[in-house]
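Residues in the sequence shown are numbered consecutively from 93, following the numbering used here. For each residue, glycine too, the CB sits at the ideal point set by N, CA and C. Below you'll find the structure, written out as structure tokens, and then a few comments.
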Amino acid sequence: MVVAARAEADPVALDRRPLRIAGAQGGPRALRALQARMVECRACPRLVAWREEAARVKVRRFRSETYWARPVPGFGDPRARLVLIGLAPAAHGGNRTGRMFTGDRSGDFLYAALHRAGFASQPTSLRPGDGLRLQDAFIVAPCRCAPPANMPRPDELRRCSTWLDGEMALLPRTRVVLALGGVGWDAVLQHFARRGIAIPRPRPRFGHGAVAHLSGAPVLLGSYHVSQQNTNTGKLTPSMLDSILSLARDLVQER
Ligand code: SF4
93 MVVAARAEAD PVALDRRPLR IAGAQGGPRA LRALQARMVE CRACPRLVAW REEAARVKVR
153 RFRSETYWAR PVPGFGDPRA RLVLIGLAPA AHGGNRTGRM FTGDRSGDFL YAALHRAGFA
213 SQPTSLRPGD GLRLQDAFIV APCRCAPPAN MPRPDELRRC STWLDGEMAL LPRTRVVLAL
273 GGVGWDAVLQ HFARRGIAIP RPRPRFGHGA VAHLSGAPVL LGSYHVSQQN TNTGKLTPSM
333 LDSILSLARD LVQER
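This is the structure we're talking about:
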């Protein structure tokens with residue numbers, strides 16, 4: 093698999109010494125190699141500054157920890173049929189631990205649900221090396237660096253799509269993509285379009301429980317994001333996410 097380089101930025105043009113990937117879960121060599129390059133990416137100056145500032149300032153409860161403060165690669169089972177896509181690492185969650193949805197409340201909510209649905213080996217995700225493994229599921233994001241106010245800019249999402257395309261291309265068994273939130277939903281549609289998949293007009297709209305069947309593409313399924321803003325207010329409850337994951341399971345087995 094060759095990842096196409098983009099003229100406007102050079103995230104994949106970097107080819108430095110590979111790093112050990114925090115929380116890597118086996119996987120084909122090509123995926124590990126891609127992720128080793130991803131974690132070296134510094135293509136977005138604003139996000140590089142933010143992720144490193146968060147690691148320097150920290151928050152009180154994590155002041156003794158050394159933050160990851162790099163792009164966060166995808167996590168899970170490289171043979172997954174279900175791919176989940178969120179938004180971006182949290183400044184003191186994934187940006188601290190180096191693993192998707194690890195070490196924050198959003199992750200607590202998500203992995204508990206994935207465990208109930210049989211996609212995760214345990215309900216908690218504390219840190220790399222905590223024993224968590226995903227089964228038939230893999231988690232990616234449209235933006236790999238923690239953004240200010242959890243809001244990546246369009247140019248940053250465009251730049252980072254190189255890494256999304258690269259990881260998605262290395263997950264050949266994908267049958268269902270579950271978008272956690274509208275940004276992830278749009279990123280998947282754009283990813284499909286770059287793969288030459290026809291996107292109908294009007295474009296399929298994001299919603300909780302929305303399903304888009306596009307010719308030649310994995311099924312796209314929508315859920316509200318597992319942010320505390322949603323889970324603390326009851327906009328997204330555990331039973332709502334359980335229902336979505338149950339539907340995802342059915343769709344994975346249907347195709
Ligand atoms: S957001 Fe993506 S493209 Fe930008 S610096 Fe981070 S990994 Fe690189």
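Three-state class that DSSP yields for residue i in the structure shown
i: Ala233; result: coil
i: Leu226; result: strand
i: Gln345; result: helix
i: Phe167; result: strand
i: Val131; result: coil
i: Ala116; result: Note that Ala116 scores a pLDDT of 45, beneath 50, so its modelled location is shaky; the value from the coordinates is reported in the next line. If DSSP states are grouped into helix, strand and coil, Ala116 belongs with coil.
i: Ala304; result: strand
i: His184; result: coil
i: Thr189; result: helix
Where the alpha helix (DSSP H) containing residue i begins and where it ends
i: Ile177; result: Here Ile177 belongs to no alpha helix (DSSP H); instead the beta strand (DSSP E) covers 174 to 177.
i: Arg152; result: Here Arg152 belongs to no alpha helix (DSSP H), and DSSP marks it neither H nor E.
i: Pro296; result: Neither: Pro296 is in no alpha helix (DSSP H) and is coded neither H nor E.
i: Arg265; result: Looking at the DSSP string, Arg265 is not in any alpha helix (DSSP H), and its letter there is neither H nor E.
i: Leu218; result: Per DSSP, Leu218 belongs to no alpha helix (DSSP H) and is neither H nor E.
i: Phe201; result: 197 to 208
i: Thr323; result: 320 to 323
Environment of residue i [buried if 16+ CB atoms lie within 10 Å]
i: Asn187; result: buried
i: Arg143; result: buried
i: Pro371; result: In the structure as shown, the chain starts at 93 and stops at 347, and residue 371 therefore has no counterpart that could be examined.
i: Ser331; result: exposed
i: Met69; result: Here the chain has residues from 93 to 347 only, and residue 69 is not among them.
i: Gly118; result: With a pLDDT of 45 at Gly118, under the threshold of 50, the modelled position of this residue cannot be trusted; read the value that follows with caution. Exposed, since its Cβ has fewer than 16 Cβ neighbours within 10 Å.
Endpoints, beta strand (DSSP E) assigned at residue i
i: Val269; result: 268 to 272
i: Ser315; result: 311 to 315
Cβ-heavy atom distance, residue i to ligand 1, below 7 Å
i: Met130; result: yes
i: Pro181; result: no
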